[in-house]
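For the sequence shown, UniProt numbering gives the first residue as 1, with consecutive numbering after it.
Just below is one structure, and these are the notes that go with it.
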Amino acid sequence: MAAAVAPIPAHYLHAAVTLASHGNADSKSLVSNLPRRGAFLGFGVRGRGSSRARPMHDVSNIQLRAAGKWGVVRSELLNPKSEAGACGSTFEDVPHITDWLPDLETFPNPLKFNPAYSAVKKYFVDDDDFVAKDIVVNMENVGSGLHFRRAGPRDKIYFRAEEVKACIVTCGGLCPGLNTVIREIVCALWYQYGVREIYGIDGGYRGFYARNTITLNPKVVNDIHKRGGTILGTSRGGHDTMKIVDSIENRGINQVYIIGGDGTHKGAEAIHEEIIKRGLKVVVAGIPKTIDNDIDIIDKSFGFDTAVEEAQRAINAAHVEAESTHNGVGVVKLMGRYSGYIAMYATLASRDVDCCLIPEVPFFLEGEDGLYEFVYRRLRENGHMVVVVAEGSGQELIAESLSSLDKMSDASGNRLLLDVGLWLCQRLKEHFLKVHKESITLKYIDPTYMIRAVPSIASDNVYCTLLAHSAIHGAMAGFCGFTAGPVNNRHCYIPISRAVEKQRHVNTSDRMWARLLSSTHQPNFLRYEKVLEEQRVQREKDSNSHGVDLDQQLPGLTASHSLPLAPQSTLKPSTSNSSANVRI
């Protein structure tokens with residue numbers, strides 16, 4: 001008995017032909033086994049008006065005899081499209097709506113007739129323009145490396161103004177500049193492309209199916225960039241792909257602008273994939289948002305400059321408090337769950353910080369070159385000091401005492417952090433009272449949420465405008481499943497899957513971290529790694545007889561792991577009778 005013939009969506013078959021033309025083996029096999037019903041058009045030219053024209057087939061009512069092949073093709077359609085270029089370069093493209101809807105009509109870009117842009121020479125971006133990820137190369141690899149499609153307006157677009165029904169959603173935590181991005185999306189759609197149906201989704205992802213939309217126009221968003229937060233509201237979690245896409249389809253939305261971090265973008269990728277499965281004429285465009293500046297590939301995240309600027313207020317206050325009293329210590333905790341960029345840049349900008357602790361550099365407390373010893377020396381030399389600590393630092397040191405919280409996470413899946421600021425303050429107080437028989441006057445400032453709830457500064461406002469415009473131009477040109485951002489100061493379209501592939505961390509072998517060490521003169525805590533290596537060697541010896549798992553997570557270095565304190569003289573007598581205190 002003959003095997004059953006499995007029907008395949010037409011937009012997948014078109015993708016198969018496209019991939020076959022680019023050398024995909026599974027797609028070639030699929031295409032070669034397609035039964036011919038009616039005229040089958042060969043590789044005709046259809047595409048975006050560039051040299052990378054897409055092949056076209058008459059795939060209506062075609063069925064596949066070899067069951068299972070189309071799943072491979074669908075996987076290729078959903079994943080980033082990479083093509084080899086000259087000199088060993090790799091071009092990583094983003095999906096396009098014609099990948100699954102090949103017969104869409106194109107229209108002239110209305111910017112051609114916009115008086116504001118008519119005088120701009122070569123305003124439209126060529127489809128063969130790429131942006132290189134790495135611009136510092138040597139003679140052996142010049143021209144090689146990863147490249148992304150350049151962002152900007154195209155000569156042809158795939159949406160008429162009257163058919164566009166756009167929506168904007170903000171998800172995750174707050175960030176300076178959110179309202180600016182919303183404003184610029186609305187104004188650019190309205191004034192540059194003539195779009196009149198623009199909606200805001202209230203309350204993050206769950207707003208698609210749980211709340212009403214907000215009608216947006218230039219009057220509604222006129223001055224929102226002067227305020228912090230987001231007028232649309234936000235939330236963590238609440239992502240239900242099927243419900244969200246059902247809502248998009250039922251409301252007739254065809255452009256979705258999603259502003260959020262890595263978790264939000266993973267949700268956006270799931271929405272994009274479901275849209276492809278349903279064959280909808282809907283594009284999904286992301287705009288990366290993270291206060292921690294930990295999204296990889298792009299130069300930096302919007303709101304980061306504002307956060308660093310606002311952090312200066314807290315550092316300045318801590319410095320004034322510390323230098324105004326004998327043995328004064330100011331401790332400032334800043335945001336930075338896994339990446340210490342805010343703490344590092346705020347420290348470099350301030351020049352009043354004596355020690356900066358970030359998640360990428362594990363620190364230890366006791367022993368030679370430990371934090372206790374450094375604080376003691378700095379107080380003996382200057383009489384005061386300021387410590388900046390990122391919220392994700394020192395987690396391995398305090399996890400044992402609060403182990404019940406170690407595996408808890410918020411609605412977005414982020415691990416809940418233990419409060420390193422309060423813990424560090426308490427340990428410093430206890431150490432100096434016990435070891436030196438002397439108190440310190442400690443002031444603790446935690447501006448964690450203050451630095452992200454403020455309006456964005458001028459540079460971030462300009463940056464947010466460019467991000468919004470890049471996303472709109474890409475969506476109108478039919479690109480989808482991308483996030484917009486600058487790479488080497490040139491805006492481009494990055495596949496969402498690539499953007500969220502990994503987090504960016506401070507490179508402690510980079511010159512920027514060396515500049516910080518040169519500014520603060522703090523220890524580099526390399527001895528911590530030496531002690532951990534000693535632990536591993538000992539575990540390796542023990543494993544021969546006890547079967548210890550060498551791959552288990554090594555515990556953080558505590559007092560029991562440290563070398564004994566070197567003999568030290570006492571601090572100068574305090575002129576104040578007040579005991580150490582912690583202020584929140």
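Just so it is clear, CB atoms sit at the ideal spot from N, CA and C, and this is done for glycine as well.
If you're wondering where the values come from, they're calculated on a predicted model, not measured in any experiment.
- Query: For the beta strand (DSSP E) that ILE494 lies in, which residues bound it at each end?
  - Reply: That run of the beta strand (DSSP E) goes 490–495.
- Task: Would you tell me roughly how many angstroms separate the C-alpha atoms of ARG227 and GLY370, rounded to the nearest one?
- Result: Their backbone Cα atoms lie some 43 Å apart in a straight line.
- Query: Given GLY252, which residues of its chain have a CB within under 6 Å of its CB, disregarding the five upstream and five downstream residues?
  - Reply: Exclusion of the five residues before and after GLY252 leaves LYS165 as the residues of its chain whose Cβ lies within less than 6 Å of its Cβ.
- Closest by CA to TYR209, which one among ILE248, ARG236, LYS219 and ILE182? When only C-alpha atoms are compared, the closest one is ILE248.
- How would you call ASN179, buried or exposed, if buried means at least 16 neighbouring beta carbons within 10 angstroms? Buried, since its Cβ has 16 or more Cβ neighbours within 10 Å.
- Which residues in the same chain have their Cβ closer than 7 Å to the Cβ of HIS319, if we skip the five residues on either side of it in sequence? Closer than 7 Å at Cβ, skipping near neighbours: GLY330, ASP352 and VAL386.
- Message: Going by DSSP, what residue range makes up the beta strand (DSSP E) through PHE208?
- Response: It is not in any beta strand (DSSP E) - PHE208 instead sits in the alpha helix (DSSP H) that spans 207–210.
- Item | Helix, strand or coil at ASP292 according to DSSP, with G and I counted as helix | Note: ASP292 maps to coil in three-state DSSP.
- With a CB to CB cut of under 6 Å and the five nearest residues on each side skipped, what residues in its chain are close to PRO95? The residues are CYS480 and GLY481.
- Item | Rounded separation between ASN33 and GLN192 - CA only | Model confidence at ASN33 stands at a pLDDT of 45, short of 50, so the residue's coordinates are unreliable; what they give is reported in the following sentence. Whole-angstrom Cα-Cα distance: 46 Å.
- At what residues does the beta strand (DSSP E) containing PHE148 begin and finish? Its beta strand (DSSP E) spans residues 145–150.
- Query: So, helix, strand or coil for GLN503, using DSSP?
  - Reply: Under the three-state reduction of DSSP output, GLN503 falls in the strand class.
- CA nearest to the CA of ASN217, picked from HIS225, TRP190 and GLY203: Of the candidates HIS225, TRP190 and GLY203, the residue whose Cα lies closest to the Cα of ASN217 is TRP190.
- Would MET512 be called buried (16 or more neighbouring beta carbons within 10 Å of its own) or exposed? Exposed, by the Cβ-count rule.
- Query: In whole angstroms, what separates the C-alpha of ASN138 from that of GLU105?
  - Reply: The C-alpha of GLU105 is placed about 45 Å away from the C-alpha of ASN138.
- Task: Specify, as a first and last residue, the run of the alpha helix (DSSP H) that LYS333 falls within.
- Result: Per DSSP, LYS333 belongs to no alpha helix (DSSP H); it is in the beta strand (DSSP E), 328–334.
- Determine, using beta carbons only, whether ASN327 and LEU379 come nearer to each other than 8 Å. Between ASN327 and LEU379, the C-beta gap is smaller than 8 Å, which places the two residues in contact.
- Below 8 Å between beta carbons: does that hold for GLY394 and VAL420? For GLY394 and VAL420, yes; Cβs fall inside 8 Å.
- Nearest-angstrom Cα distance between ASP246 and GLY279? Roughly 13 Å separates the two Cα atoms.
- Near GLY200, what residues of its chain come up, given a Cβ to Cβ distance below 6 Å and the 5 sequence neighbours on each side ignored? Contacts found: ILE168, ILE214, LEU216 and LEU232.
- Message: Let me check you understand the geometry: is the CB of THR215 closer than 7 Å to at least one non-hydrogen atom of the ligand GDP?
- Response: Annotation note on the ligand GDP: not contained in the displayed structure, which lists no ligands.
- Item | PRO102, DSSP secondary structure in three states | In the structure shown, PRO102 sits in coil (DSSP, three-state: anything other than H, G, I, E or B).
- Would you tell me roughly how many angstroms separate the C-alpha atoms of ILE358 and ARG183, rounded to the nearest one? Their Cα atoms are separated by approximately 34 Å.
- Query: Is DSSP giving VAL245 helix, strand or coil here?
  - Reply: Under the three-state reduction of DSSP output, VAL245 falls in the helix class.
- Query: In this structure, does DSSP put PRO447 in helix, strand or coil?
  - Reply: PRO447: coil per DSSP, three-state reduction.
- Message: For PRO115 and CYS464, I'd like the C-alpha separation in whole angstroms.
- Response: The alpha-carbon separation between PRO115 and CYS464 amounts to approximately 23 Å.
- Could you have a look at LYS156 and say whether DSSP puts it in helix, strand or coil? Residue state, collapsed to three classes: strand.
- Cβ-based neighbour list, LEU466, same chain, cut-off 7 Å, excluding 5 preceding and 5 following: Beyond the five residues adjoining it in sequence on each side, LEU466 comes within less than 7 Å, by CB distance, of HIS491 in the same chain, given in chain order.
- Query: Which of the three DSSP states, helix, strand or coil, is assigned to CYS355?
  - Reply: Strand at CYS355.
- Task: Have a look at THR483 and HIS431 and give me their C-alpha separation to the nearest angstrom.
- Result: Answer to the nearest angstrom: the Cα atoms are 49 Å apart.
- Task: Measure the C-alpha to C-alpha separation of GLY229 and SER456 and round it to an integer number of angstroms.
- Result: Cα to Cα, GLY229 sits roughly 10 Å from SER456.
- Query: How many whole angstroms separate the CB atoms of ALA285 and ALA475, which I take to be in contact at a CB cut-off of 8 Å?
  - Reply: Distance from ALA285 to ALA475 at the Cβ level is roughly 5 Å; contact confirmed, criterion being Cβ atoms closer than 8 Å.
- What distance in whole Å lies between the Cβ atoms of ILE157 and PHE107, which are believed to be in contact at a cut-off of 8 Å? In this structure, PHE107 and ILE157 form a Cβ contact; the two beta carbons are roughly 5 Å apart against a cut-off of 8 Å.
- Could you give the DSSP three-state label for GLU540: helix, strand or coil? If DSSP states are grouped into helix, strand and coil, GLU540 belongs with the helices.
- Message: Once the 5 residues before and after ASP262 are set aside, which same chain residues still bring their CB inside 6 Å of it?
- Response: Only residues of its own chain outside the window of five on either side were considered, and among them VAL500 have a CB closer than 6 Å to the CB of ASP262, listed in chain order.
- For the alpha helix (DSSP H) holding GLY421, just list the boundary residues, first then last. Here the alpha helix (DSSP H) through GLY421 covers 420–435.
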